[in-house]
Every structure is written in C-alpha cells, then in structure tokens.
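See below for the structure under consideration.
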Amino acid sequence: MSSKSIIEMKKLIILIFAISFFLASWLVANVSIGGAVTWVSALFIVLLSVPSYYFLIRWIGVKWGLILIVFFGIFPIIVEAIGITTGLPYGEFYYSDWMGFKIFGLVPWSVAFAFAPLIFGSLTISTKLIYDWRLHLVLSAVILVLVDMVLDPAAVVLSIWVWLTPGPYYGIPITNYIGWFLTAFIASIILYYFLQRIKQIQIEIPIEVSSSLFISLSFWTGFSLWTGLLMPLGIGLILSILIGYYLLNNSNV
C-alpha cells in the first residue's frame with residue numbers, strides 16, 4: 002500500500018470514528034443503561050483519548066509522549082480537586098457518582114484521561130490558525146473555552162457534575178469559563194514550553210494530534226442535537242467543521 006493510500010485510510014478511519022460517535026450520542030441521550038453507566042462512561046473517556054496519545058507519541062517519541070500524557074493527566078486532577086474544595090477558579094460544584102471512583106474522594110479517575118486530549122487538540126488547532134507563538138497560547142485557551150461551552154451543558158443534563166450556584170448559560174456560572182480560560186492558558190504555556198524544548202524549532206504540531214478532540218466534539222455536538230441544546234450545538238458544529246477541515250485536508254495524516 003502506498004504512503005498516499007495509508008494517509009487516506011487514516012483520514013477515513015478518523016472520519017468513521019467521528020460519525021460513529023456522533024450517532025452513538027443518540028443512545029446516550031435516549032437510552033438508559035442503568036448501573037452500567039459508570040464503567041461505560043469511563044471506558045468512553047479512555048477510548049477517546051487513545052488517538053491523540055498515539056499520534057503524539059509517534060511525533061515526539063515514547064519517552065516525552067508518556068511524560069506529557071502523565072503530566073496532563075495529573076494536572077487536571079489537582080486543579081479540579083482544588084476547585085471542588087475551594088470553589089476556585091470555576092465556582093462551587095461537585096461530581097456525581099456517575100464516573101465511578103474519585104481520587105481524594107473528589108475527582109473521578111477518568112478525568113486524568115479527559116483533559117489531555119483537549120489541550121493537545123486546542124494548541125494544535127491554534128498553531129494552524131496563526132503563526133505568532135504568543136497568540137497560540139491565548140487562542141488555545143479560547144478554543145478550549147469554546148469546547149467547554151459544548152461539553153459542560155451536556156454534562157449538566159447528564160448530572161455528571163452539579164453546580165451549587167447555577168449560572169446563566171444552561172445552569173453554568175460565568176466563573177466556570179473564566180476559570181477554564183485561566184486553566185487552559187496555563188496548560189498551553191506548559192505544553193508549548195515542553196514541545197519547544199523537545200523539538201528545538203518553531204513548533205508545528207501535526208494536525209492528527211487533534212483527532213481525539215475532533216471525535217469528542219462530534220459526540221457532544223450530536224448529544225446537543227438530540228437534547229435540544231441549541232447554542233452548544235452551534236458552537237460544536239463550527240468547531241467540528243474547523244478541525245475536520247484541517248484534519249481531512251492535511252497530506253500528512
């Protein structure tokens with residue numbers, strides 16, 4: 002099989018996964034699975050992280066790939082544990098028992114697999130849209146806030162977490178998005194610093210590192226469609242089309 006055929010096959014696989022998760026979101030929105038929801042939710046999050054992990058490791062190698070995966074697995078656990086305990090920087094909230102075992106009795110273990118693909122994807126897309134590395138960091142944070150505007154309303158509908166003081170955006174307080182911007186900005190700085198040290202050149206992250214973000218957005222955009230979350234649906238469609246355009250028109254995937 003030629004290299005061009007392999008590239009086209011990879012694109013097709015990513016697209017099939019995205020469409021499959023989009024359709025699977027109908028089941029989550031409409032079919033109750035009872036007690037199985039805990040392990041199904043965790044399995045879903047772990048599986049979604051695999052494509053980005055794979056492409057990151059293929060790009061920078063096993064050693065640095067695993068270091069970044071582990072670091073950005075621990076990072077959200079610590080930040081969210083602080084957030085749940087203090088209310089900063091997101092506002093007062095707590096996780097329900099949907100996601101299973103909680104680290105420190107506060108944060109579901111699967112959160113360790115949920116954040117890294119998002120930050121990997123947001124920084125990747127930011128490097129495709131602009132060339133100034135300082136703006137990469139800001140845009141990456143903005144993209145992740147927009148992603149959260151798709152994910153969070155769905156999570157509230159599913160009672161994955163609960164806000165003690167509901168806000169104006171589908172019950173989510175504005176402080177959550179301020180906190181997300183700060184968290185994403187700091188995470189983008191750290192990720193950019195690591196990648197610059199590893200590559201020692203102007204960073205151009207392979208677009209396929211954003212594949213997990215693309216598939217995840219496909220799922221939650223579909224969920225927003227089935228549950229009538231119109232604003233998350235609109236944001237999700239725009240982001241999915243943007244990321245999909247770069248993924249499917251790239252000659253190196």
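Note that the sequence shown covers residues 2 to 254 in this note's numbering.
From the three backbone atoms N, C-alpha and C, an ideal C-beta is built for every residue, glycine too.
Predicted model only: the values in this text are computed from it and were never measured.
Using a 10 Å radius around the Cβ and a threshold of 16 neighbouring Cβ atoms, would you call residue 100 buried or exposed? Looking at its Cβ environment, which holds 16 or more other Cβ atoms inside 10 Å, residue 100 is buried.
Residue from 71, 75, 23 whose Cα sits closest to the Cα of residue 224: Of the candidates 71, 75, 23, the residue whose Cα lies closest to the Cα of residue 224 is 23.
Exposed unless 16 or more other CB atoms sit within 10 angstroms - verdict on residue 228: So residue 228 counts as buried.
Nearest by alpha-carbon distance to residue 199: which of 67, 236, 19 is it? Looking at the Cα atoms, 67 is the closest of the given residues.
Between residue 32 and residue 166, what straight-line distance do the alpha-carbon atoms span, to the nearest angstrom? C-alpha separation (whole angstroms): 29 Å.
Endpoints, the alpha helix (DSSP H) within which residue 95 is located: Unbroken run through residue 95 is the beta strand (DSSP E), 94-96; no alpha helix (DSSP H).
Identify whether residue 246 lies in helix, strand or coil by the three-state DSSP scheme. DSSP places residue 246 within a helical segment (H, G or I) once states are collapsed to three.
Note down the Cα distance separating residue 251 from residue 173, rounded to an integer number of angstroms. Taking the Cα positions, residue 251 is about 36 Å away from residue 173.
Buried versus exposed, by CB contacts within 10 Å (16 or more), residue 125: Residue environment analysis places residue 125 among the buried positions, since at least 16 neighbouring C-beta atoms fall within 10 angstroms of its C-beta.
For residue 146, report the span of its alpha helix (DSSP H) as first-last. Here the alpha helix (DSSP H) through residue 146 covers 134-158.
Would you kindly work out how many angstroms separate the C-alpha atoms of residue 94 and residue 237, rounded to a whole number? Residue 94 and residue 237 have their alpha carbons spaced roughly 24 Å apart.
From the DSSP secondary-structure annotation, give me the bridge partner or partners of residue 178. Per the DSSP secondary-structure output, residue 178 pairs with nothing in a beta bridge.
Within the continuous beta strand (DSSP E) that includes residue 164, where are the two ends? Looking at the DSSP string, the run of the beta strand (DSSP E) that includes residue 164 is 162-164.
Using a 10 Å radius around the Cβ and a threshold of 16 neighbouring Cβ atoms, would you call residue 71 buried or exposed? With fewer than 16 Cβ atoms within 10 Å of its Cβ, residue 71 is classed as exposed.
Please state whether DSSP places residue 108 in a helix, a strand or coil. Residue state, collapsed to three classes: strand.
Using 8 Å as the threshold, is the segment 4-19 in touch with the segment 111-129, meaning 3 or more CB pairs across them? At 8 Å Cβ cutoff, the stretches do not touch.
In chain order, what are the residue ranges of uninterrupted alpha helix (DSSP H) at least 4 long that sit wholly in the segment 167-233? Listed in chain order, they are 175-200, 212-228.
Using a Cβ distance threshold of 8 Å, determine whether the segment 43-62 contacts the segment 150-161, with at least three qualifying pairs required. In short, these stretches do not touch, since the Cβ pair count stays below three.
With DSSP as the reference, identify every bridge partner of residue 103, one or two as the case may be. In the DSSP output, where bridge partners are listed per residue, residue 103 has 109.
Residue 70 - containing alpha helix (DSSP H), residue span: Where residue 70 is concerned, the enclosing alpha helix (DSSP H) stretches over 63-87.
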